[in-house]
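First residue of the sequence shown: 908, per this note's numbering; consecutive thereafter.
Shown next, in structure tokens, is the structure this report addresses.
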Amino acid sequence: MNKVETMEQFWAYADKMEAGFCFAMLTDDILWEKWPVSAERKKELREKEGRLLDIRIFNTGKELRMFRGDIGRDFQGRSIDDGERAPSIEEYFDEEQYLDIDSKRSGELFAKEQKVLATGGGSYPLPIAGFENAKIRIRNYLGYYEETGQAYVKDWRLMDVFQEEE
908 MNKVETMEQF
918 WAYADKMEAG
928 FCFAMLTDDI
938 LWEKWPVSAE
948 RKKELREKEG
958 RLLDIRIFNT
968 GKELRMFRGD
978 IGRDFQGRSI
988 DDGERAPSIE
998 EYFDEEQYLD
1008 IDSKRSGELF
1018 AKEQKVLATG
1028 GGSYPLPIAG
1038 FENAKIRIRN
1048 YLGYYEETGQ
1058 AYVKDWRLMD
1068 VFQEEE
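Rendered as structure tokens:
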């Protein structure tokens, strides 16, 4: 895990990221799309930094993340590249979770705008070919308490978004 100090450093690392996804939470929107994006789209993302709370650019091997608790605070960031670290340094486990999608109401919106409706309301973009049985894969990194040896999740990252085959 490497620390990312500034948004400039984040975008420089992002330019080196291979094919994957970009997931961003802003104060008024959620953005989710395939990565890399066009130069024009990257410029649009950078113009939204003032409203940005969390952004992750990820693929199965690595994740680049910048985040802050609320507007007005400084960003914190990190990058995780599983190919750069020795597997014995950290243990991990992967999990898959279904995305919150109201399948009955999302068909028309997905066909028009590639967005889905959440069961509790609201909509968000989904950058894959279909929305039925859409899942996200998450990698959880474990740490251990010195006093007890008990494991805990010390960090996690997004790995993939996909449609589960039935």
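The C-beta atom is built at its ideal place from N, Cα and C for all residues, glycine as well.
A quick note: this is a predicted structure, and the numbers were derived from the prediction, not measured.
Comparing C-alpha distances from Q1004 to each of V911, D988, I978 and N1040 shows the shortest one belongs to N1040. Sequence-distant Cβ neighbours of N966 in its own chain, meaning closer than 8 Å and more than five residues away, are M924, E925, A926, G927, F928, W942, M1066 and D1067. Going by C-alpha positions, E1054 is about 31 Å away from L971. Between R1046 and D988, the gap from beta carbon to beta carbon reaches 7 Å or more. For K1042, the CB contacts under 8 Å within the same chain, skipping 5 residues up- and downstream, are E1003, Q1004, Y1005, L1006, V1068, F1069, Q1070 and E1071 in chain order.
Under the three-state reduction of DSSP, G1028 is assigned to coil, being neither helix nor strand. When the alpha-carbon of S1010 is set against those of G984, G1028 and E998, the nearest one is in G1028. DSSP places L1006 outside both helix and strand once states are collapsed to three, so it counts as coil. In this chain, the alpha helix (DSSP H) harbouring A921 covers M914 to A921. Look at S945 here: in three-state DSSP terms it is coil, with no helix or strand label.
In this model, K910 and Y920 are separated by some 11 Å (Cα to Cα).
Rounded to whole angstroms, the gap between the alpha carbons of Y1031 and E991 is 33 Å. The Cβ atoms of I962 and M973 lie closer than 7 Å to each other.
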